[in-house]
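Protein chains in written order, with my numbering: chain A, 9 to 268; chain B, 136 to 503; chain C, 299 to 669.
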Amino acid sequence: MDPVINHQLPSPATADAAIECRELSKKFGDFMAVDRISFHVQPGEIFGFLGANGAGKTTAMRMLCGLSYPSSGHATVAGFDVYREQEKIKQHIGYMSQKFSLYDDLTPLENIRFFGGVYGVAERVIKERSRELVQSLGLEKEANKLVGALPLGWKQKLAFAVALFHRPRIVFLDEPTGGVDPVTRRQFWDMIYEAAEKGVTIFVTTHYMDEAEYCDRVTIMVDGKIEALDTPVHLKHRFHCDNMDEVFYRLARTAQRSDA
Amino acid sequence: MKQLFVFIRKEFYHVFRDRRTLLILFGLPLVQILLFGYALTSEVKNIDLVVTNVSNDVLGQRLTNQLRSSAFFNVQEQPLSPTQIESAFKKGQIKAALIIPAGFSADFTKARHATLQLLTDGSEPNISKTVLQYVNAIVQDFQRAQQPVTSISPVITPEVRLLYNEEGNGSINYVPGVLALILMIVCTALTSVAVVREKETGTMEILLVSPFKPVMVLVAKAIPFLILSLANFAFILLLAVYLLQVPIAGSLLLLFIITLLFIATSLSFGLLISNATNSQQVALLISMMGLMLPTIIFTGFIFPLENMPLPFRWISNLVPAKWYYAAVRSVMLKGLGLADVWKEMSVLCGMTIVLLSITVKRFKIRLA
Amino acid sequence: MKRLRFILQKEFRQMFRDRTILAMMFMLPLIQLGILPLAMNLDVKHINLAIVDNDHSTYTQKLISKIGASGYFIIVTTAPAYKQALFTLENGTADIILEIPASFERNLIREGSQPLNVTVDAINGIKSGIGAAYLLTVIRDFNQDIRLLNNGQPVIAPAVIDTATSAWFNPYEKFTWYIVPGVLVLLLTLVGGFLSALNIVREKEIGTIEQINVTPVKKWQFILGKLVPFWVVGMIVLTVGLLVARLFYGIIPVGSLFLLYLLAAVYLIALLGFGLLVSTISNNQLQAMFIAFFFIMIFVLMSGLFTSVDSMPAWARTIAAGLPITHFMKAVRMIILKGSSFKDVLPVFIIEGLFAIGLNALAIWNYRKTQ
């Protein structure tokens, strides 16, 4: 499958890395959830994070978002340290979790307004941007309904829009298209590309291998370790596969703790 | 049968994995027994009483000393003006003030009639009434002691016998009440929430499409709570007997049977609630506010039922805990037998049958 | 500060959209204040007495009519024998049995002394204690009467001490006056405690807390945003409660309303801090409910709602002194019934203020944005 929009890979020399990770680990008791992972993500890059259930994707992402403390290793996000400067990181990132987490008992506009306000976006700007946003999402009719009453696809698009609302430099998406129909998924990726075009770095975990093809670069995690990191084209070439599905299957079947 | 066993084991995991809730389920009776048994006494002690002895004479001083020697009062002797007394009341420093007027001795010995003035803080009426009782008793004793003894004065000596509770143990009344309360929490609140949680998470649907009989789903849900209740029952009895030294006067077997009956009633209640609601929050609110409060109020274990307005006494008949409480009191504390509690037992039986049949009926309708 | 405004806006919106909370705000004060004060009556009246009169003399007639006239007792039965009377005690129709032995009058006149048997159902401590005390008082009075009667000859009448009493602030010593302010405090405590305890944990269960934790919102802003709406609910509940107290029971605060609200404001902050702390500790709503129930039960029982704190043993008084509710309970009664002034309740203000700061600081500290 070809990318929906022809996306240019940013050259590595344009800026400092958006995310930098060295030997980052997380231990729960004796269990190495994340085992010394290292990588860096360029600004404006769409960085795919693949792995079976339990491979450690979400744990790694939570550390980068400042939701959980690493056990060891180094990492910076938007230039800030994940040990000491979580709150500064939070100002510069957007986050969308795999569990839908906007407020069901607020309307889309109220949700936008709340999260915008929490990130310190000025009142005037909030009004302006939410008008644009509602328009571009085609949510005019639903703008004053409670979010709980919206179909899942729209909820996900709304959640993504909210994650981008304060114009963060990096957006973390944790399985953003889980349970969503193919048409909506396509629209969703259009939105992702649009954001990347504007220079937002996208860090996305996913199960769908066709989505992996849309990414600039892909890491595949197995049992808490990074087994492969490259562009989809190179990966397919290296493992002599036709598509990412096969690549993934080759690497993931060696997993000890997968439940997928 | 094997299926049922597998199912029950799953339910056990749910119940026993939440250690905090479990801890509270056994901490609750312990704390309640301790508080009811030792802290909440109906007797009135340590009352702050100011004696303003204006007379400053022999008898006045003697009376003050007599008051001081009583354990009921913390006596402070202070010459306070009425405004000072009022301000002390308002600050909540004293509960009562006794004013011994000028010329108290003379009034008593010469005019043979003296008057004391007792001011009490009526904002706590029970204390204020008790203060009057105590002061009166002390003053009467005092008055008698000051008279010359006449040769023939007939004396009635009342001999008081405390039945069922010879040491006058204040906590004895609360034990059946705590039992009723805890069983209600475990059987009704926990059960209803456990079922509703499965509805919320959608796992109930999975169970219902399994080849397992729907009624058995409910039975399996109820069994861990049944066992938990019996453990709590044993725990509370042990606390009562060894901590509070409340002996079990009647048959332990009968007590056990009555308790089983009450557990059945409460479980049916819990199942009915879970049937009628769809969210944990509503189930919790109904079982805590809708059942806990009536259980505390209408069993009569803290507040006497006969003091309540008539409609309340009617309502109390609908509260299962009231019947359980009455039966346990009769068997455990008074040592009565089956002949005296069959009425309470049949009421509980009737309630269980009604509740269960409504639940099963609703359950079937929902499935149809 | 600007962020706080957005947080508050969201919390208020959610709260006023929640029917349960709205219903609770207005129905709970009505129901609780409507029912509890009538049900929570520890006034001991109507003590049921069974009398076994084995003597049937003029003296026993006099004694029985004196007991009947005292107003404390209902003579439920005059049984012919102790056994029958005991039966009424077992089935609960009678609380106390008074047995007058045969030849009561004769023995009194001839021998000058005579025992009387009083048997008390001691299971209900309050009733048996006060009931027996009343009965003994009546018997003692009767004894005094017959002493005079018996002596006959005009010896010097004994000197008497009268005690003139007046109960201040509640001259008729009505129990409702005592219990209504208490129920008002109970109401505030239940509403504030449970609502706040269930709130944050609910966001945990739904998952929205993640979305909050990943924003740069300050911890104190989040906690304050939760606290303020519940505080407003508490003040509304207090207002409804005061109205009910006035309309149903005719209780109008003697002291300053402003003072009452001010104190309630501080107390609520302390209480809500406790609720939010519970909420940050718990993993799910059931757990939060149980933890809250456990503590609120202790608070209520130890608060002096219906038993006097002063009569508790020393260890229990120490615990009671460590609970915000105890001080608030006392101060509310002081302001409503006695008209105590700001200066009178100043210590309570200080104590509640410290609790408010401490409990909220704990809640903020215990709320973790990063695990």
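For glycine and all other residues, C-beta sits at the position ideal for the given N, C-alpha and C.
None of these values were measured; they are calculated from a predicted model.
Under 8 Å by Cβ, that's how I've got D608(C) and I437(B) pegged, so tell me the actual separation to the nearest angstrom. Their Cβ separation, rounded to whole angstroms, is 19 Å, which puts D608(C) and I437(B) out of contact at 8 Å.
Beta carbon of V328(B), beta carbon of Q415(B): below 7 Å?
The answer is yes: Cβ separation under 7 Å.
Three-way DSSP call (helix, strand, coil) for Q211(B) in this model = DSSP places Q211(B) in strand when its eight states are reduced to three.
CB of P311(B) within 7 Å of CB of Y460(B), strictly: In contact: P311(B) and Y460(B) (Cβ atoms closer than 7 Å).
Contact between the stretch 552-560 of chain C and the stretch 473-481 of chain C (3+ Cβ pairs under 8 Å)
By the Cβ criterion, the stretch 552-560 of chain C is not in contact with the stretch 473-481 of chain C, since fewer than three pairs of Cβ atoms, one from each stretch, lie closer than 8 Å.
Host beta strand (DSSP E) of L237(A) (start-end):
Per DSSP, L237(A) belongs to the beta strand (DSSP E) from K233 to D238.
TODO: List the residues of chain C that E441(B) touches, going by C-beta distances under 7 Å, in chain order.
DONE: Per Cβ cutoff of 7 Å: H344.
Notebook entry, point to check: Going along the chain, which residues of its own chain have a beta-carbon closer than 7 Å to the beta-carbon of H344(C), five neighbours each way excluded?
Noted result: Result list for H344(C): I372, in chain order.
*asked:* Assuming L536(C) and L570(C) are in contact, meaning their beta carbons sit under 8 Å apart, how far apart are those beta carbons, in whole angstroms?
replied: Not a contact, Cβ separation roughly 13 Å.
field: Outcome for M69(A) when other beta-carbon atoms lying within 10 angstroms are tallied against a minimum of 16
entry: It counts as buried.
Using the C-alpha atoms, what's the distance from I320(B) back to S401(B)? So the alpha carbons of these two residues sit roughly 9 Å apart.
* Asked: Is the distance from the Cβ of E53(A) to the Cβ of D224(A) below 7 Å?
  -> With contacts defined by Cβ atoms closer than 7 Å, E53(A) and D224(A) form a contacting pair.
Subject >> Cβ-based burial, M252(A) [other Cβ within 10 Å; buried from 16] >> reply: So M252(A) ends up on the buried side.
Exercise for review: With a threshold of 16 other CB atoms inside 10 Å of the CB of H174(A), please say whether the residue is buried or exposed.
Suggested key: Classification for H174(A): buried.
Task: Same chain, Cβ closer than 8 Å to P527(C), five either side skipped, listed in chain order - done: Contacts found: L306, E309, F310 and M313.
_Residues of its chain near F239(B), where Cβ-Cβ distance is below 7 Å and the 5 sequence neighbours each way are ignored_ = The residues are S190, D192, L194, G195 and A249.
For K35(A), list the residues DSSP reports as bridge partners. DSSP lists M40(A) as partners of K35(A).
Using CA atoms only, rank isn't needed, just tell me which of V463(B), A456(B) and L342(B) is closest to T430(B). Measuring from the Cα of T430(B), the nearest candidate turns out to be A456(B).
Using CA atoms only, rank isn't needed, just tell me which of T176(B), I307(B), M443(B) and T244(B) is closest to Q282(B).
In terms of CA proximity to Q282(B), T244(B) leads the group T176(B), I307(B), M443(B) and T244(B).
TODO: Report yes if the CB atom of F277(B) is closer than 7 Å to the CB atom of Q201(B), and no otherwise.
DONE: In contact: F277(B) and Q201(B) (Cβ atoms closer than 7 Å).
Going by DSSP in three states, Y77(A) sits in which element: helix, strand or coil? Here DSSP, grouped into helix, strand and coil, assigns Y77(A) to coil.
query: DSSP three-state call for Q359(C): helix, strand or coil?
result: When DSSP states are grouped into helix, strand and coil, Q359(C) belongs to the helix group.
- Give me whichever residues DSSP pairs with V530(C) in a beta bridge. For V530(C), which the question treats as bridged, DSSP gives no partner whatsoever.
Task: Members of the stretch 303-326 of chain C near chain A, C-beta cut-off 8 Å - done: Flagged, chain order: R303, F304, I305, Q307, K308, R311, Q312, R315 and D316.
- Query: Taking C-beta to C-beta, are Y299(B) and A568(C) nearer than 7 Å?
  - Reply: Taking the C-beta atoms as reference points, A568(C) is found no nearer than 7 Å to Y299(B).
Bounding residues of the beta strand (DSSP E) (the contiguous stretch that carries H248(B)): Where H248(B) is concerned, the enclosing beta strand (DSSP E) stretches over H248 to D256.
Task: Complete runs of the alpha helix (DSSP H) confined to the stretch 316-395 of chain B [at least 4 residues] - done: The alpha helix (DSSP H) runs of length 4 or more contained entirely in the stretch 316-395 of chain B are, from start to end of the chain, 326-336, 338-344 and 349-373.
Exercise for review: Mind checking which residues open and close the beta strand (DSSP E) that includes D460(C)?
Suggested key: Taken as a continuous stretch (DSSP letters only), the beta strand (DSSP E) holding D460(C) covers V458 to W466.
Taking the alpha-carbon positions, what's the E212(B) to I229(B) distance? Roughly 12 Å separates the two Cα atoms.
*Excluding the 5 residues preceding and the 5 following A26(A) in the sequence, name in chain order all residues of the same chain whose CB lies nearer than 6 Å to its CB.*
Correct list, in chain order: V49, P51, I178 and T209.
Sort L599(C), I633(C), M632(C) and I634(C) by Cα distance to I617(C) and report the nearest one. Taking only the C-alpha atoms, the option nearest I617(C) is L599(C).
Does the beta carbon of R247(B) sit closer than 7 Å to a beta carbon anywhere in chain C? So, interface residue.
Q) Where L17(A) and L237(A) are concerned, what is the direct C-alpha to C-alpha distance, given to the nearest angstrom? A) In this prediction, L17(A) scores a pLDDT of 45, lower than 50, which makes its location untrustworthy; no coordinate-derived value is stated.
**OP:** Using a cut-off of 7 Å between C-beta atoms, extract the partners of V126(A) located in chain C.
**Re:** V126(A) reaches chain C at R301, F304, I305, T513 and V515, counting residues in chain order whose Cβ is nearer than 7 Å.
_For P327(C), which residues in the same chain have their Cβ closer than 7 Å to its Cβ, ignoring the five residues on either side in sequence?_
Here the set comprises L485, V535, V538, G539 and V542.
On a Cα-Cα basis, can you pick out the residue from T668(C), T605(C) and H625(C) that is closest to E178(B)? The shortest CA-to-CA distance from E178(B) to any of T668(C), T605(C) and H625(C) is the one to T605(C).
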